[in-house]
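A.B. asks: Below you will find the structure I want to go over with you.
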Amino acid sequence: MFGRMKDAMADAAETLRQAFAGLTVVEAQPGPFLLHSHGSAALAAEPRAALEVPVAECREMRLLREAVEGRALEPFRTELRAEGGWARWGAEAEVIRMTPLEAGRAARVAVPPLPRKAQVLGSLEPPVRPATRRQLDPLLRPGTRRLDPRLEAVSVVSGLGAMLSMAVPIRGEDIHRLPKGLWMRYSLQLVRGTGENVRNLEVLGLFRIPRKGVADLSHDPRQGRILVRLEPAAITAPRGPFILARRKDDGALLSCFVEDP
Amino acid sequence: MAEPIKLAYFMAVKEGTSYLGGLLVTDTSGIPLDFRYTEPITPTRLQSILYGKSLEPHLKEEVIQKTLLKELKTPPDLFILSATELAGGWSGDAKYPVLAVQKSQEAPLTKVGDAFRSGPRELLIQLTEGAAPLRVMFAASVDAVAQEQALGKLLEAGYHMDLAEPLERVTAALQSLVVKDS
Chain A
1 MFGRMKDAMA
11 DAAETLRQAF
21 AGLTVVEAQP
31 GPFLLHSHGS
41 AALAAEPRAA
51 LEVPVAECRE
61 MRLLREAVEG
71 RALEPFRTEL
81 RAEGGWARWG
91 AEAEVIRMTP
101 LEAGRAARVA
111 VPPLPRKAQV
121 LGSLEPPVRP
131 ATRRQLDPLL
141 RPGTRRLDPR
151 LEAVSVVSGL
161 GAMLSMAVPI
171 RGEDIHRLPK
181 GLWMRYSLQL
191 VRGTGENVRN
201 LEVLGLFRIP
211 RKGVADLSHD
221 PRQGRILVRL
231 EPAAITAPRG
241 PFILARRKDD
251 GALLSCFVED
261 P
Chain B
1 MAEPIKLAYF
11 MAVKEGTSYL
21 GGLLVTDTSG
31 IPLDFRYTEP
41 ITPTRLQSIL
51 YGKSLEPHLK
61 EEVIQKTLLK
71 ELKTPPDLFI
81 LSATELAGGW
91 SGDAKYPVLA
101 VQKSQEAPLT
111 KVGDAFRSGP
121 RELLIQLTEG
131 AAPLRVMFAA
141 SVDAVAQEQA
151 LGKLLEAGYH
161 MDLAEPLERV
171 TAALQSLVVK
181 DS
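Chain order of the listed sequences is A and B.
Residue numbers for the first sequence, in my numbering: 1 to 261.
Residue numbers for the second sequence, in my numbering: 1 to 182.
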């Protein structure tokens, strides 16, 4: 209640302040307003003649010969007269006519109603809250695949034929380690088998090789062995002592199987 | 008459991205009695990733070697590997004495048949007169008694044949088979 009253008075004060803003204050001469004392003249009797004789004065009445300016017919005009005092005052002061108070220009100004509730400023807007979700969408279950890392069973191939095609090195026995009687027996069989004189033969070695299935045979003198290429029949054939010799006169190779006792 | 000694030589090789192995059974003269080899196995990329470093040992021991041993009709007296395979930690079947043979550059021993033990599982044996002795390395599964028994068989076979040579033959055969297939 007091607040509204206070605001209204403040509005009225502001209105008056705006109305009289700009007034120029002029210093007035004090003379006219000073009181002056004057002495009054002494009353004197001035003799007058007696009553003067009435004199009749004849006045001629002129006829209206000219058009009389119809001033009298002019409509009455209103004239705004200011009060003299104000005019005098206005000679010294500048009268400002309030525009809002001019006739025909005045308008009703709607005074906006005062807010019923004061707006409180300065408070920060609350931060925007993140949207919360109650739960995430469940992940799709991935499809599982089974890939057996085990290595496949390997198949086995028989390759004896391929192996037999390769030369087999067979080491010669040390004939010096053989019993003398046995060696004599072998020597005799060699002479019989080859038909050569034992003095003309140089024994290269005694080898135990299959009695059948030997397809090829070569001598490796550097290592004292023979290289044989075999046939499948050699697998099951019995092994027998085989003597390889060289004929001394022409270097030809001679060989024969000998019999074990 | 005693049963002839049979020597089984196993070798697995890698050619490109494929693995294959061969098993050669010989008599004491080195003459082939049986030879079987596997078809080349080419692991897939996924298998190579999943197996990692264990792929090669697994292939050689679990797949190739066991498959080849199953094919043997009669068990060998000695199962001979390359020294590289044995050093990689052989963990195969212990029914046969497993060993590796390797030519050495050591000075010859006194006489043929001599043996010099250089370790609990390694020894040198003199098989031929004047030549360098042969180095023999046994697998961890072969105890001392089995080693002595195997040593006698090695001396007997080594008298007639080069004990290390058949491994070269198996390798050459496998390589020729790969070339033939490709």
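C-beta: ideal position from N, C-alpha, C; glycine also.
The structure presented is a predicted model; accordingly, all values stated were derived computationally and were not measured.
Any chance the stretch 93-108 of chain B sits against the stretch 184-199 of chain A, with 3 or more Cβ pairs inside 8 angstroms?
C.D. replies: The stretch 93-108 of chain B vs the stretch 184-199 of chain A: no contact.
A.B. asks: Determine, using beta-carbon pairs with one atom in the stretch 2-13 of chain B and one in the stretch 209-229 of chain A, whether at least three such pairs fall under 8 angstroms.
C.D. replies: no
A.B. asks: Within the 8 angstroms Cβ cut-off, does A/Val191 reach chain B?
C.D. replies: Not one beta carbon of chain B lies nearer than 8 angstroms to the beta carbon of A/Val191.
A.B. asks: Which of the three DSSP states, helix, strand or coil, is assigned to B/Gln65?
C.D. replies: helix
A.B. asks: As a quick exercise: from A/Glu14, A/Arg150, A/Arg222, A/Arg185, pick the residue whose alpha carbon is nearest that of B/Arg45.
C.D. replies: A/Arg150
A.B. asks: Looking at the structure shown, is B/Pro166 part of a helix, part of a strand, or coil, going by DSSP?
C.D. replies: helix
A.B. asks: DSSP state of A/Gln223, grouped into three classes?
C.D. replies: Correct three-state label for A/Gln223: coil.
A.B. asks: Please state the DSSP three-state secondary structure of B/Thr171.
C.D. replies: Residue state, collapsed to three classes: helix.
A.B. asks: Who are the neighbours of B/Met11 on chain A, taking C-beta pairs under 9 angstroms?
C.D. replies: Under the 9 angstroms cutoff, chain A gives no residues; its nearest Cβ is about 12 angstroms from B/Met11.
A.B. asks: Would you kindly report the start and end of the unbroken alpha helix (DSSP H) that includes A/Met166?
C.D. replies: First-last for A/Met166: undefined, no H or E at that position.
A.B. asks: Between the stretch 49-68 of chain B and chain A, which residues of the former have a C-beta closer than 8 angstroms to a C-beta of the latter?
C.D. replies: Leu50, Tyr51, His58, Leu59, Val63, Ile64, Thr67, Leu68
A.B. asks: For a contact defined as C-beta to C-beta under 9 angstroms, what are the partners of B/Ser29 on chain A?
C.D. replies: Val168, Ile170, Arg171, Phe207, Arg208, Ile209, Pro210, Arg239
A.B. asks: Specify the secondary structure class of A/Ile209 as computed by DSSP and reduced to three states.
C.D. replies: A/Ile209 falls in the strand class under three-state DSSP.
A.B. asks: Pick from A/Leu34, A/Arg239, A/Ala167: whose alpha carbon is nearest that of A/Phe207?
C.D. replies: A/Arg239
A.B. asks: Within 8 angstroms (strictly less), CB to CB, does A/Asp174 reach chain B?
C.D. replies: Cβ-Cβ to chain B under 8 angstroms: yes for A/Asp174.
A.B. asks: Would A/Pro261 pass as an interface residue toward chain B - the criterion being a Cβ-Cβ separation below 8 angstroms?
C.D. replies: no
A.B. asks: Tell me the residue span of the beta strand (DSSP E) that contains A/Val156.
C.D. replies: 156-158
A.B. asks: Got a sec: is the Cβ-Cβ distance from B/Leu24 to anything in chain A below 8 angstroms?
C.D. replies: yes
A.B. asks: Is A/Ala245 helix, strand or coil when you go by DSSP?
C.D. replies: strand
A.B. asks: Got a sec? Which residues, its chain only, sit under 8 angstroms from B/Pro40 by beta carbon, not counting five neighbours each side?
C.D. replies: Glu15, Ser18, Tyr19, Leu20, Val178, Asp181
A.B. asks: Closest by CA to B/Lys35, which one among A/Val157, A/Glu14, A/Ile243?
C.D. replies: The displayed chain sequence assigns Phe, not Lys, to residue 35 of chain B. Among A/Val157, A/Glu14, A/Ile243, the Cα nearest to that of B/Phe35 is on A/Val157.
A.B. asks: Give a yes or no on whether the C-beta atoms belonging to B/Pro97 and B/Ala146 are separated by under 8 angstroms.
C.D. replies: yes
A.B. asks: List the residues of chain A whose Cβ lies closer than 9 angstroms to the Cβ of B/Arg36, in chain order.
C.D. replies: Under the 9 angstroms cutoff, chain A gives Val156, Val157, Ser158, Gly159, Leu160.
A.B. asks: Out of curiosity, what's the CA-to-CA distance linking B/Ala87 and B/Glu129?
C.D. replies: So the alpha carbons of these two residues sit roughly 29 angstroms apart.
A.B. asks: Once the 5 residues before and after B/Pro108 are set aside, which same chain residues still bring their CB inside 7 angstroms of it?
C.D. replies: Gln126, Gly130, Ala131, Ala132, Pro133
A.B. asks: To the nearest angstrom, report how far apart A/Gly205 and A/Ser165 are at their CA atoms.
C.D. replies: 23 angstroms
A.B. asks: Which residues share a DSSP beta bridge with B/Ser18?
C.D. replies: B/Glu15
A.B. asks: Give the range of the alpha helix (DSSP H) segment to which B/Glu85 is assigned.
C.D. replies: Taken as a continuous stretch (DSSP letters only), the alpha helix (DSSP H) holding B/Glu85 covers 83-87.
A.B. asks: Check the DSSP bridge columns for B/Arg36 and list the partner residues they point to.
C.D. replies: For B/Arg36, which the question treats as bridged, DSSP gives the partners A/Ser158, B/Leu23.
A.B. asks: Got a sec, what are the start and stop residues for the beta strand (DSSP E) B/Met137 sits in?
C.D. replies: 134-138
A.B. asks: Please name the residue or residues paired with B/Lys111 in a DSSP beta bridge.
C.D. replies: In the DSSP output, where bridge partners are listed per residue, B/Lys111 has none listed.
A.B. asks: Using a threshold of 8 angstroms, state whether the C-beta atoms of A/Ala167 and A/Val214 are closer than that.
C.D. replies: No, these two residues do not count as a Cβ contact at 8 angstroms.
A.B. asks: Would A/Pro149 count as contacting chain B if we go by Cβ distances under 8 angstroms?
C.D. replies: yes
A.B. asks: Would A/Ile175 pass as a contact of A/Val203 if the rule is Cβ separation under 8 angstroms?
C.D. replies: yes
A.B. asks: Would you mind sorting A/Met5 into buried or exposed? The rule is 16 or more other CB atoms within 10 Å of its CB.
C.D. replies: exposed
A.B. asks: Nearest to B/Pro57 by CA position, among B/Glu122, B/Arg121, B/Ala12, is which residue?
C.D. replies: It is B/Ala12 whose Cα lies nearest to the Cα of B/Pro57.
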